[in-house]
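Chemist: Right, I'll just put the structure down here and ask away after.
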Amino acid sequence: MLVFSINVLHEAWRMLLEASVYILFGLMVGGLLKVFLSPAYVARHLGRGRYRSVFKAALFGIPIPLCSCGVLPAAASLKKQGANNGATTAFLISTPESGVDSIAITYALLDPLMTVARPAAAFIGAVVAGVTENFFNPPTRATLALADMSCQVDGCCDGRDCLPETHANHHPLRERIFHGLKYAATELWGDLAVWFLGGLFLGGVITVLIPEQLMAAYLGGGPTAMLLMLAVGIPIYICATASTPIAAALILKGVSPGAALVFLLAGPATNIASLSALTGMLGRNATLRYLAMLSISAVTCGLILDWLYAFFDITAKAAVGQAAEIVPYPVKFIGALILIALSMPPLAKTIRTLSRRKPTGCGCQNNCGSDSPS
């Protein structure tokens, strides 16, 4: 048992080293998005047009770091401000499936092809689901509310009663950047840390415990493996960043990259709690269409990805983790130590919460309504 635990921790530490620098970069970009881009700000673009609004919503959602629970209040805000059902559906899919943080860690732990395929598949699935929803439930003439222009730094004004040039003097560029980085190191990573470390541990368990022959035999690839990944991914809660080391471990054990992509898409975009809330927001029929289009697009993209790996003669096992090799070991080591230090407060908070036996509801750490990552 001791040897097994040491081996698991060794594999988890190896994955943390490979991912650390890229995670820090993703967190930095995510923090800057917080102060320079608000989901509510773009809401006014998502109400007009049956198809244009869907494309915009899917595109807006790709870089924003929100989890499958945290995206719900943001999407509800968009809907209240005039976003139609199709645009809301597209935002609900593309946002948790992608994000600057998960794109960065995908490049570190997997390979460039998967790094491109993941947000591309998220965008395609979001557009398909959104267009389908607007086809069955065409948007009516929405009364668009004014976009939320409130200050993203400290809420010092609502953006309407003070002119933009006046508000620009409240917070200079340096202060905005500082606030964004602080947000990334505290709230953003606070929502990610426990789930990511849990994903690292599970990735280590898969690497050490599960024989390659077993995974290759039952989950090697094809529609059956992808449907199994879909069945596993839909009901559970796992954020986009935490799912990445698990996918890397699965690929190393012989799972096809297409099947791993299905898990990377279905896991972050759905869970039992978020589907329940989604039913209340969009209705039962819209939720069923959401699930159907998400499943069909995920499996289709998985099959296409496996074909691309075969066409370009890329061996997924050999490609996993190669991107991290360009980062010197001392830099990776320092990055891992920084991440561990940043993880201490959320870990301590989680331990205190568990000791009090308080349920977390949707599974998110901290406040699901905040700009928590995917």
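Numbering (my numbering), first residue to last: 10 to 383.
Positions of the beta carbon are idealized from the N, C-alpha and C atoms, including for glycine.
From a predicted model like this one, the values you see are computed outputs, not experimental measurements.
Are the stretch 232–249 and the stretch 63–73 touching by the rule of at least three beta carbon pairs closer than 8 Å?
Modeler: Taking 8 Å as the limit for Cβ pairs, the verdict is that the stretch 63–73 does not touch the stretch 232–249.
Chemist: Is the beta carbon of Pro147 closer than 8 Å to that of Arg23?
Modeler: Against the sequence shown, residue 23 aligns to sequence position 14. Against the sequence shown, residue 147 aligns to sequence position 138. No, they are not a contact pair.
Chemist: In this structure, does DSSP put Pro382 in helix, strand or coil?
Modeler: Taking the first residue of the sequence shown as position 1, residue 382 is located at position 373. Model confidence at Pro382 stands at a pLDDT of 43, short of 50, so the residue's coordinates are unreliable and nothing is read from them.
Chemist: Can you have a look at Arg293 and say buried or exposed, based on whether 16 or more other CB atoms are within 10 angstroms of its CB?
Modeler: Here residue 293 is taken as the residue at index 284 of the sequence shown, counted from 1. Burial call: exposed.
Chemist: For the structure I just gave you, are there three or more beta carbon pairs, one from the stretch 261–274 and one from the stretch 305–321, closer than 8 Å?
Modeler: Touching, yes, given that three or more Cβ pairs across the two stretches are closer than 8 Å.
Chemist: Ordered along the chain, which non-local residues of its own chain (more than five positions away) have a Cβ less than 6 Å from that of Tyr276?
Modeler: Along the sequence shown, one-based indexing puts residue 276 at 267. It should be pointed out that residue 276 corresponds to Gly in this sequence rather than to Tyr. Closer than 6 Å at the Cβ level, and outside the excluded window around Gly276, lie Gly242, Ile247, Ser252.
Chemist: What residue range is occupied by the uninterrupted alpha helix (DSSP H) comprising Asp110?
Modeler: Your numbering for residue 110 matches position 101 in the sequence shown. From DSSP, the alpha helix (DSSP H) with Asp110 extends over 109–118.
Chemist: Do Ser265 and Ala240 count as a contact pair if the criterion is CB distance below 8 Å?
Modeler: Counting from one through the sequence shown, the residue named residue 240 turns up at place 231. Counting from one through the sequence shown, the residue named residue 265 turns up at place 256. No, Cβ-Cβ distance for Ala240 and Ser265 is not below 8 Å.
Chemist: Nearest by alpha-carbon distance to Ile313: which of Ile133, Tyr116, Leu18 is it?
Modeler: Here residue 313 is taken as the residue at index 304 of the sequence shown, counted from 1. Measuring from the Cα of Ile313, the nearest candidate turns out to be Ile133.
Chemist: Do you know how far the Cα of Phe210 is from the Cα of Asn16?
Modeler: Along the sequence shown, one-based indexing puts residue 16 at 7. Along the sequence shown, one-based indexing puts residue 210 at 201. Each residue's alpha carbon lies about 11 Å from the other.
Chemist: Given a cut-off of 8 Å, decide if Asp110 and Gly212 are closer than it, judged by their beta-carbon atoms.
Modeler: Residue numbering aside, residue 212 sits at position 203 when the sequence shown is read from its first letter. Residue numbering aside, residue 110 sits at position 101 when the sequence shown is read from its first letter. Not a contact, by the Cβ cut-off of 8 Å.
Chemist: Going by CA-CA distance only, name the one from Thr288, Asn143, Ile360, Pro354 that's closest to Val63.
Modeler: Locating residue 63 in the sequence shown gives position 54, where the first residue counts as 1. Answer by Cα proximity: Asn143.
Chemist: Which residues mark the beginning and the end of the alpha helix (DSSP H) in which Val137 is found?
Modeler: Mapped onto the sequence shown, residue 137 falls at position 128. Segment 121–145, the alpha helix (DSSP H) holding Val137.
Chemist: Under the three-state reduction of DSSP, which class applies to Ser29: helix, strand or coil?
Modeler: Position 20 of the sequence shown, counted from the first residue, corresponds to residue 29. Three-state result, Ser29: helix.
Chemist: Apart from the five residues on each side of it in sequence, which residues of its chain come closer than 7 Å, Cβ to Cβ, to Met37?
Modeler: Your numbering for residue 37 matches position 28 in the sequence shown. These residues qualify, in order along the chain: Leu190, Ala193.
Chemist: Could you pull out every residue in the same chain whose Cβ sits closer than 7 Å to the Cβ of Leu206, ignoring the five residues on either side in sequence?
Modeler: Counting from 1 along the sequence shown, the entry for residue 206 is found at position 197. Within the same chain, Leu206 has close Cβ partners Ser352.
Chemist: Classify Leu11 as buried or exposed, calling it buried when 16 or more other Cβ atoms lie within 10 Å of its own Cβ.
Modeler: As a first step, residue 11 is located in the sequence shown; it is residue number 2 there, counting from the start. With fewer than 16 other Cβ atoms within 10 Å, it is exposed.
Chemist: If you follow the alpha helix (DSSP H) that Tyr318 is in, where does it begin and where does it stop?
Modeler: Here residue 318 refers to the residue found at position 309 of the sequence shown. First-last of the alpha helix (DSSP H) with Tyr318: 293–320.
Chemist: In terms of alpha-carbon separation, which member of Ser364, Leu363, Ile323, Ile349 lies closest to Pro121?
Modeler: Within the sequence shown, the letter at position 112 stands for residue 121. Ranking the options by Cα distance to Pro121, first place goes to Ile323.
Chemist: Counting along the chain, where does the alpha helix (DSSP H) carrying Ile186 start and finish?
Modeler: To locate residue 186, count along the sequence shown from 1; it is residue 177. Where Ile186 is concerned, the enclosing alpha helix (DSSP H) stretches over 182–192.
Chemist: Within 10 angstroms of its Cβ, does Trp198 collect 16 or more other Cβ (buried), or is it exposed?
Modeler: Position 189 of the sequence shown holds residue 198. The residue is buried, with at least 16 neighbouring Cβ atoms inside 10 Å.
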